[in-house]
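**Q** Position one of the sequence shown corresponds to residue 1133 (this note's numbering), numbered consecutively onward.
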Amino acid sequence: MIPALSVKEALASSAPRDDVRVQGWVRTRRDSKAFSFIELNDGSSLRSLQVIAQDSLPNYLDVQRLVTGASVEVRGKLVPSQGKGQTWEVIADELTIVGPSDDSYPLQKKGHTPEFLREIAHLRPRSNLFGSVFRVRSRLAFAVHQFFQERGFVYVHTPIITGSDCEGAGELFRITTIDAKNPPRTGDGEIDYARDFFARSTFLTVSGQLEAEAFACALSKVYTFGPTFRAENSNTSRHANEFWMIEPEMAFCDLNGNMDVAEELVKYLIRDVRVNCPEEIELFGKFVDKGLIARLDFVLDRPFQRISYTEAVELLRANGQSFEFPVEYGTNLQSEHERWLTEKHFKCPVTVFNYPKEIKPFYMRLNDDGKTVTAMDVLVPGIGEIVGGSQREERLDGLEANMRRHGLDPADYKWYLDLRRYGTVPHAGFGLGFERMLMFVTGVPNIRDVIPFARTPGSAEF
Ligand code: 4AD
Ligand code: MG
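1) Taking the alpha-carbon of E1456 as reference, which of P1315, E1470 and D1225 has the nearest alpha-carbon?
2) Measure the C-alpha to C-alpha separation of Y1554 and R1537 and round it to an integer number of angstroms.
3) Candidates V1420, L1181, G1389 and E1526: which alpha carbon is nearest A1142's?
4) I need the straight-line Cα distance from S1333 to G1217, nearest angstrom please.
5) Mind checking whether R1161 and F1167 have CB atoms under 8 Å apart?
6) Let's see if you can read the secondary structure: which residues bound the beta strand (DSSP E) around D1429?
7) In chain order, what are the residue ranges of uninterrupted alpha helix (DSSP H) at least 4 long that sit wholly in the segment 1275-1299?
8) When you compare the CB positions of P1148 and V1211, do they come within less than 8 Å of one another, or not?
9) Going by DSSP, what residue range makes up the alpha helix (DSSP H) through K1353?
10) Taking C-alpha atoms, which residue in D1150, A1301 and D1297 lies nearest to D1544?
11) For the segment 1401-1417 against the segment 1358-1367, are there 3 or more C-beta pairs whose distance is under 8 Å?
12) Determine the extent of the beta strand (DSSP E) in which V1204 is found, giving its start and end residues.
13) Should F1572 and I1518 be called a contact, given that it needs their Cβ atoms to be closer than 8 Å?
14) With three or more C-beta pairs closer than 8 Å as the rule, is the segment 1244-1253 touching the segment 1183-1191?
15) Give a single yes or no on whether C1298 has its beta carbon closer than 7 Å to a heavy atom of the ligand 4AD.
16) Quick one: is the Cβ of G1520 within less than 7 Å of any heavy atom of the ligand MG?
17) Should M1377 be counted as a contact of the ligand 4AD given a C-beta to heavy atom distance under 7 Å?
18) Taking 7 Å as the cut-off, is the CB of G1563 close to at least one heavy atom of the ligand 4AD?
19) Rounded to whole angstroms, how far is the Cβ of A1507 from the Cβ of S1522, which I believe are closer than 8 Å?
20) Output needed for T1228: all residues of its chain with C-beta closer than 6 Å, excluding positions within five of it in sequence on either side, in chain order.
21) So, at 6 Å on beta carbons, what are the nonlocal neighbours of R1434 in its own chain, with the 5 sequence-adjacent residues on each side left out?
22) Once you ignore the five residues that flank S1352 on each side, which residues in its own chain have a CB closer than 6 Å to its CB?
23) If G1565 and F1375 are in contact, beta carbons under 8 Å, what's the gap, nearest whole angstrom?
24) Tell me whether Q1240 counts as near the ligand 4AD, meaning its Cβ is closer than 7 Å to at least one heavy atom of that ligand.
25) Spatial neighbours of R1258 within its chain, please: C-beta separation below 7 Å, excluding the five flanking residues on both sides.
26) Rounded to whole angstroms, what's the CA-CA distance from A1348 to T1574? Just pull it up for me.
27) Can you list the alpha helix (DSSP H) stretches of 4 or more residues lying completely in the segment 1517-1563, in chain order?
28) Just to confirm the assignment, what range does the alpha helix (DSSP H) spanning Y1400 have?
29) Closer than 7 Å: is that where the CB of E1517 sits relative to any heavy atom of the ligand MG?
30) Roughly how many angstroms lie between the CA atoms of R1179 and L1255, to the nearest whole one?
Have a look at this one:
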């Protein structure tokens, strides 16, 4: 049998072909006198391929009963299209109905709300919008690897199950095989996790950073790219409980070098998608966010503004704008503050650095002022924080002091402290939220709509 062509390949053909085979799902079908026109889509491209089924086909009666959602295989001739809007179409010599559909198929031609489509997350990739989102997601993941591989970074698979709380925020999903009805107890009545599966407490990782640091202190430039999990009860459009994070870690690198790489990565990814997913970006610009293309180009064209946290707080306080949350030195910037800085004030992406040590995790390097740590966040219009990172505390004494200040027991982090005992080096890294980056390049305003099957508080269907 001749190999099947994807719809994308068929549409890109340079010459007519006598015998082609295509497969996919019926988007729409309409009848004319002696023909049935079928729009066939297989997800390889935003565009569909028009198939013409003539009434001479032996199963023409069945073809006339085909409805949206059915799967078919077609053998026929690829010919220049008579109709407008497409270059090629297929005249069917043979049309096999692989899987029928019926009128209860929920994805009909009329527009559906994102909320409704979330309820049919198993079918929504068959829509133009979600097909496009997930093709861009795939391309963006490839571009992430390309960026780091081109620059000599080594890809490290950090563990999903871990014993440490990297961010120290206590937002951990516990992994256990203990029988909830009859758990083993310690002498004082607590659940005895020493008798759990791994002979200790374990959790789904919130970040691959600590393990990436170990590898950076051997392979110099590394990155992880994998799923991370946070049991935070934030019901916002930018938080998910399972999301993917890209975390480079670089030995012999300081905060400035770290900010350089983060800013370069964000620009590289935007440029890659602009070049390689033009049809999808055009669709988003038309139907999702009219300002998208201008905003992407805006970020590509401008250098990132860098300011310290202290300067950011002064700007926010001086501008007199009434925020929902007040701005005070020593508190976290809220997303409304971040967005004001990037959207209203600087009108460009902004990298904020040197945050007060009290509001940042234990691993960040203490600055000479004794008050701030070498943290940095990259803020972009429409999203706010897209990257969070820092130079790490490479001095053993300082790191142990940080841990105690955060109520952590250095004895629990022996392996991590060893990295400072044996050949310690200045090193730095960051985490880029993959879904936030996707929201940025697609203009899709809700994180639930850029991840195949979203996990959010109260919701883990599919
Ligand atoms: O700022 P965060 O918490 O930093 C870390 O986890 C560091 N260990 C990274 C590092 O230095 N290696 O998270 C990094 C990024 C955020 O800027 C944001 O883009 C994304 O991860 N992120 C989330 N994305 C979706 N849902 C959530 N709940 C997220 N929490 C963080
Ligand atoms: Mg952060």
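Virtual Cβ for every residue (Gly too), placed ideally from N, Cα, C. The model shown is predicted, which means the values in this text are computed figures rather than measured ones.
**A** Short version:
1) Position 324 of the sequence shown holds residue 1456. E1456 has its Cα closest to that of E1470, out of P1315, E1470 and D1225.
2) Position 422 of the sequence shown holds residue 1554. Position 405 of the sequence shown holds residue 1537. If you take the alpha carbons of Y1554 and R1537, they lie about 23 Å apart.
3) Sequence index remark: in the sequence shown, residue 1142 carries index 10 (1-based). The residue with the shortest Cα to Cα distance from A1142 is L1181.
4) On the sequence shown, position 201 is the one that residue 1333 refers to. On the sequence shown, position 85 is the one that residue 1217 refers to. So the alpha carbons of these two residues sit roughly 60 Å apart.
5) Locating residue 1161 in the sequence shown gives position 29, counting from the first residue. Locating residue 1167 in the sequence shown gives position 35, counting from the first residue. Contact: no.
6) Here residue 1429 refers to the residue found at position 297 of the sequence shown. Per DSSP, D1429 belongs to no beta strand (DSSP E); it is in the alpha helix (DSSP H), L1424 to D1433.
7) none
8) Residue numbering aside, residue 1148 sits at position 16 when the sequence shown is read from its first letter. Residue numbering aside, residue 1211 sits at position 79 when the sequence shown is read from its first letter. Taking 8 Å as the Cβ cut-off, P1148 and V1211 qualify as a contacting pair.
9) Taking the first residue of the sequence shown as 1, we reach residue 1353 at position 221. Segment K1353 to F1361 is the beta strand (DSSP E) holding K1353; no alpha helix (DSSP H) there.
10) Taking the first residue of the sequence shown as 1, we reach residue 1544 at position 412. Of D1150, A1301 and D1297, the residue nearest in Cα terms is D1297.
11) no
12) Position 72 of the sequence shown, counted from the first residue, corresponds to residue 1204. Start and end: S1203 to P1212.
13) Looking up residue 1572 in the sequence shown gives position 440. Looking up residue 1518 in the sequence shown gives position 386. Yes, these two residues count as a Cβ contact at 8 Å.
14) no
15) Stepping through the sequence shown from its first residue, residue 1298 is reached at position 166. Checking the Cβ of C1298 against the ligand 4AD gives yes.
16) Position 388 of the sequence shown, counted from the start, is the residue given in the question as residue 1520. Yes; taking the cut-off as 7 Å, the Cβ of G1520 has a heavy atom of the ligand MG nearer than that.
17) The residue given as residue 1377 occupies position 245 in the sequence shown. It does: the Cβ of M1377 is within 7 Å (strictly closer) of some heavy atom of the ligand 4AD.
18) Numbered from 1 along the sequence shown, position 431 holds the residue referred to as residue 1563. Correct: G1563 has its Cβ closer than 7 Å to the ligand 4AD.
19) Position 375 of the sequence shown holds residue 1507. Position 390 of the sequence shown holds residue 1522. About 5 Å; that satisfies the 8 Å criterion.
20) Reading the sequence shown from its first residue, position 96 is the one you call residue 1228. Excluding sequence neighbours, T1228 sits near E1205.
21) Counting from one through the sequence shown, the residue named residue 1434 turns up at place 302. The residues are C1480.
22) In the sequence shown, the residue the question calls residue 1352 occupies position 220. Cβ neighbours of S1352 beyond the five flanking positions: A1383.
23) Position 433 of the sequence shown, counting from 1, holds the residue named residue 1565. Position 243 of the sequence shown, counting from 1, holds the residue named residue 1375. Their Cβ separation, rounded to whole angstroms, is 6 Å, which keeps G1565 and F1375 in contact under 8 Å.
24) If you number the sequence shown from 1, residue 1240 lands on position 108. For the ligand 4AD, not one heavy atom lies less than 7 Å from the Cβ of Q1240.
25) Locating residue 1258 in the sequence shown gives position 126, where the first residue counts as 1. Cβ within range, chain order: W1157 and L1239.
26) For the purposes of this step, residue 1348 is taken as the residue at position 216 of the sequence shown. For the purposes of this step, residue 1574 is taken as the residue at position 442 of the sequence shown. When rounded, the distance between both Cα atoms is 32 Å.
27) 1528-1537 and 1546-1553
28) The count along the sequence shown starts at 1 and reaches residue 1400 at position 268. First-last of the alpha helix (DSSP H) with Y1400: L1387 to N1408.
29) Translated into positions along the sequence shown, residue 1517 becomes position 385. Yes, the beta carbon of E1517 sits closer than 7 Å to at least one heavy atom of the ligand MG.
30) Along the sequence shown, one-based indexing puts residue 1179 at 47. Along the sequence shown, one-based indexing puts residue 1255 at 123. Near 18 Å, if we compare the C-alpha coordinates of L1255 and R1179.
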